[in-house]
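Encoded as structure tokens, the structure appears first; notes follow it.
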Amino acid sequence: MQHFRCLYDVEDANMASRRGNTKTHLQSDKYSVLLPTYNERENLPLIVWLLVKYFGESGYNYEIIVIDDGSPDGTLQIAEQLQKIYGSDKIILRPRAQKLGLGTAYIHGVKHATGNFVIIMDADLSHHPKFIPQFIEKQKEGGYDLVSGTRYSGDGGVYGWDLRRKLISRGANFVTQVLLRPGASDLTGSFRLYKKEVLEKLVERCVSKGYVFQMEMIVRARQLDCTIGEVPISFVDRVYGESKLGGNEIVSFLKGLLTLFATT
Amino acid sequence: MSHHTFRHRGVIKVRCLFESGGFCHSYFTLLCPIILCTMTKLLEWVFGVSLIGIAWGLVTFDLLDLQLPPQYKDVAWPMPIYLLVVFGCYSLATVGYRVATFNDCEDAAKELQAQIKEAKGELKKKGLKM
Ligand SMILES: Nc1nc2c(ncn2[C@@H]2O[C@H](COP(=O)(O)OP(=O)(O)OP(=O)(O)O)[C@@H](O)[C@H]2O)c(=O)[nH]1
Ligand SMILES: [Mg+2]
């Protein structure tokens, strides 16, 4: 459907400019997708295929930056094959020799992004690329500095979570909302679209690691008076590979929350 | 004598500031939001809780000797516990409701499974070796 809109805009430029310059946006905006991977050999081809599919259908300009941290399962070799299939202008590899963590993976990736917008998502298929066109439209609609996917409002939701996990998730979210009042409903989700310069500014200020990093990004965004848009997403638990939500993670979450509470 | 004029001048000065150009007014309207914005969330909570605490102390112990009717005191003294209980109930109800209405995205999972199959087929055709 979006396809037709592009053609239509070419035919009737007048109309397009009245609707907010859709045509020029489509040509000048570029979206860099950052995919941090660690042992995602099964998921990476699938997520890339989906990204190519949805970006192809919607006609936006894009690139996919894969940041692999020396996965022992050979994710990088798969990524190299994908690069051959889809072209080195679309698939860009920025591997690092060892596992240095998610936060620094983003910093590393942004440095190499050539788009004016950056999309951050997990490579484990829990973030579905079908939502990206909605993110982009939402961003254009309000000129937002960042658009965050949310599992907690509207049609958003999860799949494959038992009652315990839902309770922890909702409870943690409630406490966080009460303590930090961040102006966004999903703080720990990491499916987001940023204006590139905003992301750079935020990343520079963030000090925490792991889970808390996502939360800090939103809190810092509120501090800097960034505008935030939200798109409900469905979060499907990873099908392949290992998950790691344990007691340890809850403790580090609480520590991070209290640190942000006291310092921001 | 000189002391007196000094004080007098001081008063005039302050009054001038209030009346001419509204310096104090703009100073405060500028400063207050800055203070409130730069406060950490922790400080905001401390600030809010102490305001409530002071109001509660004033009424319960009649610190200002206002000779309030005794009914005021009766209502005021259990207020903190009452507020805590209300907040606790609100929290439990909210979290409970949200857990119960947390969407299960069955369709999204099914769609993804179908797409995984399609993707695998197509990637194989394109020569990807898993
Ligand atoms: N480059 C890099 N990527 C990482 C690292 N740790 C995790 N990732 C990737 O970051 C994304 C999110 O990590 P996940 O393991 O899915 O973490 P999660 O979503 O919190 O937890 P589960 O999905 O339940 O396992 C995935 O795409 C991982 O492959 C890391 O140290 N370096
Ligand atoms: Mg995940």
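Here the protein sequences line up with chains A and B, keeping their order.
Numbered per our numbering, the first sequence spans residues 1 to 264.
Numbered per our numbering, the second sequence spans residues 1001 to 1130.
For every residue, glycine included, the Cβ atom is placed at its ideal position computed from N, Cα and C.
A quick note: this is a predicted structure, and the numbers were derived from the prediction, not measured.
query	result
Own chain partners of B/GLY1057 with C-beta closer than 8 Å, once the 5 adjacent residues on each side are dropped	LEU1063
Outcome for A/ARG192 when other beta-carbon atoms lying within 10 angstroms are tallied against a minimum of 16	buried
CB contact below 8 Å: B/SER1050 versus chain A	no
The beta strand (DSSP E) enclosing B/SER1091, as first and last residue numbers	Note, B/SER1091: premise wrong, no beta strand (DSSP E); alpha helix (DSSP H) at 1079-1100.
Contact residues within the stretch 126-140 of chain A, judged by C-beta distance below 9 Å to chain B	HIS128 and LYS130
Where A/ILE233 falls: helix, strand or coil (DSSP)	coil
Cβ pair A/ARG41, B/VAL1095 closer than 8 Å	no
Distance cut-off 7 Å: A/ASP68 Cβ against heavy atoms of ligand 2	no
A/SER148 (DSSP reduced to helix, strand or coil)	strand
heavy atom of ligand 2 below 7 Å from A/ARG238 C-beta	yes
Residue environment, B/LYS1124, which counts as buried when at least 16 other CB atoms sit within 10 Å	exposed
Best match in A/GLY156, A/GLY160 and A/GLU63 for proximity to A/THR114 [C-alpha to C-alpha]	A/GLU63
Through-space distance from A/SER234 to B/GLN1128, alpha-carbon basis	Note that residue 1128 of chain B is Leu in the sequence shown, not Gln. Each residue's alpha carbon lies about 29 Å from the other.
Cβ-heavy atom distance, A/SER169 to ligand 2, below 7 Å	no
Contact residues within the stretch 168-200 of chain A, judged by C-beta distance below 9 Å to chain E	The displayed structure is made up of protein chains A and B, and chain E is not among them.
Contact set between A/TYR159 and chain B, taken where Cβ atoms lie within less than 8 Å	ASP1104, CYS1105, GLU1106, ALA1108 and ALA1109
8 Å Cβ cutoff, B/LEU1112 in contact with chain A	yes
Check: A/SER252 C-beta below 7 Å from any heavy atom of ligand 2	no
Cβ pair A/TYR106, A/PRO45 closer than 8 Å	no
Short Cβ contact (8 Å threshold) for A/TYR159 with B/ALA1109	yes
Under 5 Å, CB to nearest heavy atom of ligand 2: contacting residues	A/ASP122, A/ASP124 and A/SER126
Below-8 Å beta-carbon distance, B/ALA1093 vs any chain A residue	no
Alpha-carbon to alpha-carbon, A/LEU187 and B/TYR1097	19 Å
Per-residue DSSP class, three states only, for A/GLU197	helix
Burial state of A/SER32 (16 or more Cβ within 10 Å)	buried
Opposing strand residues paired with A/TYR31 [DSSP bridges]	A/TYR62 and A/PHE117
Same chain only: Cβ atoms within 6 Å of A/VAL236, ignoring 5 sequence neighbours per side	SER126 and TYR159
A/TYR159: first and last residue of the uninterrupted alpha helix (DSSP H) it sits in	Looking at the DSSP string, A/TYR159 is not in any alpha helix (DSSP H); the run it does join, the beta strand (DSSP E), is 157-159.
Min CB distance A/SER148 to chain B below 8 Å	no
Three-state secondary structure assigned by DSSP to A/THR264	coil
Given A/THR227 as reference, the closest of A/VAL178, A/TYR144, A/GLY154 and A/ALA97 once Cα atoms are compared	A/TYR144
Residue-chain proximity (B/LEU1123, chain A), Cβ-Cβ < 8 Å	yes
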